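Undergrad: Those sequence lines, one after another, are chains Y and X. Under our numbering, think of the first position of the first sequence as -3, with each following residue one higher. Under our numbering, think of the first position of the second sequence as -3, with each following residue one higher.
There are 2 protein chains.
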Amino acid sequence: MKNQYIDISLPLDSELPVWPGDPNAIIERVSSIGQGDGHNSSRINSSLHWGTHLDAPYHIVETGWTIDQIPLAVLIGPVQVIEIPEVREIKADHLKNFKIQGCKRLLVKTQNSAFWNESPLKFHQDFTAFSKDAAEYLLDCGIKLIGIDYLSLDLYSAIDLPVHHLLYQQNVVGVEGLDLRQVSPGNYHLICLPLNIKSGDGAPVRAVLLKQ
Amino acid sequence: MKNQYIDISLPLDSELPVWPGDPNAIIERVSSIGQGDGHNSSRINSSLHWGTHLDAPYHIVETGWTIDQIPLAVLIGPVQVIEIPEVREIKADHLKNFKIQGCKRLLVKTQNSAFWNESPLKFHQDFTAFSKDAAEYLLDCGIKLIGIDYLSLDLYSAIDLPVHHLLYQQNVVGVEGLDLRQVSPGNYHLICLPLNIKSGDGAPVRAVLLKQ
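1) Suppose only complete runs of 3+ residues qualify. What are the beta strand (DSSP E) ranges in the stretch 33 to 99 of chain Y, listed by chain order?
2) Under a Cβ-count criterion, where at least 16 other Cβ atoms within 10 Å of its own Cβ denotes burial, should R84 of chain Y be classed as buried or exposed?
3) Using a Cβ cut-off of 8 Å (strictly closer), state whether M(-3) of chain X contacts chain Y.
4) Counting only Cβ-Cβ distances shorter than 8 Å, please list the residues of the stretch 125 to 153 of chain X near chain Y, keeping chain order.
5) What does DSSP give as the partner residues of P200 of chain Y in its beta bridges?
6) Judging by CA-CA distance, which residue of Y:Y146, Y:D136 and Y:L102 is the nearest neighbour of K118 of chain Y?
7) Give a yes or no on whether 8 Å exceeds the smallest Cβ distance from E58 of chain X to chain Y.
8) Within the continuous alpha helix (DSSP H) that includes V159 of chain X, where are the two ends?
9) Beta carbon of V70 of chain Y, beta carbon of K128 of chain Y: below 8 Å?
10) Taking D3 of chain Y as the query, report the chain X residues whose CB atoms sit under 8 Å from its CB, ordered along the chain.
11) By alpha-carbon positions, which one of Y:K207, Y:E114, Y:I40 and Y:C188 ends up nearest to G196 of chain X?
12) Check the DSSP bridge columns for A125 of chain Y and list the partner residues they point to.
13) Establish whether the CB of D9 of chain Y and some CB of chain X are separated by less than 8 Å.
14) Between E79 of chain X and V171 of chain X, what straight-line distance do the alpha-carbon atoms span, to the nearest angstrom?
15) Based on the DSSP output, what are the partners of E172 of chain Y in its beta bridges?
16) Determine the closest residue to D18 of chain Y out of Y:D3, Y:W46 and Y:E132, with distance taken between C-alpha atoms.
17) With a CB to CB cut of under 8 Å and the five nearest residues on each side skipped, what residues in its chain are close to E82 of chain X?
18) Could you please give me the residues that DSSP links to I4 of chain Y through a beta bridge?
19) To the nearest angstrom, how far is the alpha carbon of L50 of chain X from that of Q97 of chain Y?
20) Which class does D145 of chain X belong to by DSSP, given the choice of helix, strand or coil?
21) Should M(-3) of chain X be labelled buried (16 or more other beta-carbon atoms within 10 Å of its own) or exposed?
22) At a Cβ cut of 8 Å, what residues of the stretch 103 to 116 of chain Y count as close to chain X, listed as they run along the chain?
23) Just reading off the beta strand (DSSP E) that K105 of chain X is part of, what are its end residues?
24) Along the beta strand (DSSP E) that carries R25 of chain X, what are the first and last residues, could you check?
25) Taking the DSSP output, what are the residues bridged to N183 of chain Y?
Here it is as structure tokens:
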């Protein structure tokens, strides 16, 4: 029982920022041993697209996979982690600096990761995300799962969500809100398991890496 | 991408029964492409002990591990699945029919599994669970993770939760609400990942098996 897993899921509590306009996410204790109850129990009330979460393609594309249609074999397996620092918009040319052809799963660590060091946490609009031509390049490379260390694959200003549309139309799955602070670039084994939400448009996930 | 994973997590929707007295669990669509929104998005409002879920020992024992303190190496690794049919209370003598000494992770399939075939689903009080002497035997065997195919390790009538207390005092973790209908007894690789709830007393999980 000594495997060296790296947890790349944000700790979930009510302090974690939500997407602007979403109601707050709440995790609250409803019974407490300290107050004389027989057990500690809590409830969650949140968007399915909160914290470290998976978008089902159906989030954006009506004919796309729902969460429970995504093959587990897409969510578990070899993954490449690359780092693209000091860039606001990730373009195809940035990705071409890495050997990602034939890579099925790709996680991109950016300057976003520093946002998770703040206390208290707050939502940042100036996060790093992908350009449309980067999405096209990811498709060309055969990527099936793409992850990033903030809450959208598209820039905040890209309100038509071109990256989401391009990728999800091809049933690529997107993992948003990853915590890659402890991860060095390299090759890992990914386990990224969303809750099994029936017909879900998204789901919070627990995601971990094992060094290869 | 052809691994043969077996999903042992119940599909989550608002129809899944809750523990008597708990408020309903709700998964609801809050924006919908079909109604002119830019995306499909939903929210969840549920107990952390709903559906297929993990109890942190802290659920019952104030000094026990919280969800985020459970080592990932406990949640991932070899597991034995045994079947004990036609029994209402699983006693140590039932367990002694199997070679489970030295087994770190054990999932028990019972007649409970048939409850998940019903439509609509409803809560059953007459579910199968463990006796106190079974819990003592599990500790003797060195079990670190124990799972069952209904919503408690204790019988419904065991309101003082003796099995929970015995196991969780030793930081054994319990997986409740497993869907073992498609699983034959045998040896598997388990991946059982709860949401990373900060200081959580429990968490919904996605759990899968890979045949060894």
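Heads up, the beta-carbon is just placed ideally off N, CA and C, and yes, glycines get one too. The model shown is predicted, which means the values in this text are computed figures rather than measured ones.
TA: Taking the definition as stated:
1) With a minimum length of 3 residues, the unbroken runs of beta strand (DSSP E) contained wholly in the stretch 33 to 99 of chain Y fall at 37 to 43, 49 to 51 and 72 to 79.
2) R84 of chain Y comes out exposed.
3) Any answer about M(-3) of chain X is weak, because its pLDDT of 47 lies below 50 and its placement is not dependable; what the coordinates show is given next. By this cut-off, M(-3) of chain X is an interface position.
4) Those residues of the stretch 125 to 153 of chain X placed with their C-beta closer than 8 Å to a C-beta in chain Y are K140, ordered along the chain.
5) Paired residues: Y:H49.
6) When only C-alpha atoms are compared, the closest one is Y:Y146.
7) For E58 of chain X, a Cβ of chain Y is located within less than 8 Å of the residue's own Cβ.
8) Where V159 of chain X is concerned, the enclosing alpha helix (DSSP H) stretches over P158 to Y164.
9) No. Outside cutoff.
10) The answer, in chain order, is L68 and N192.
11) Nearest C-alpha to G196 of chain X: Y:I40.
12) Beta-bridge pairing links A125 of chain Y to Y:E85.
13) Closer than 8 Å to some Cβ of chain X, the Cβ of D9 of chain Y qualifies, so yes.
14) Rounded to the nearest angstrom, the two C-alpha atoms are 16 Å apart.
15) Y:H49, per the DSSP bridge assignment.
16) In this structure, Y:W46 is the residue among Y:D3, Y:W46 and Y:E132 with its C-alpha nearest to the C-alpha of D18 of chain Y.
17) Same-chain partners within the cutoff: Q107.
18) Paired residues: none, contrary to the question.
19) Just so you know, the alpha carbons of L50 of chain X and Q97 of chain Y end up roughly 38 Å apart.
20) Per DSSP, reduced to three states, the secondary structure at D145 of chain X is coil, with no helix or strand assignment.
21) Legend: pLDDT at M(-3) of chain X = 47, less than 50; position of this residue unreliable, no value from coordinates given.
22) Of all residues in the stretch 103 to 116 of chain Y, none has a Cβ within less than 8 Å of some Cβ in chain X.
23) It spans R101 to K105 - the beta strand (DSSP E) in which K105 of chain X sits, taken as one unbroken run.
24) That run of the beta strand (DSSP E) goes I22 to S27.
25) According to DSSP, which records beta bridges pairwise, N183 of chain Y is partnered with Y:Q76.
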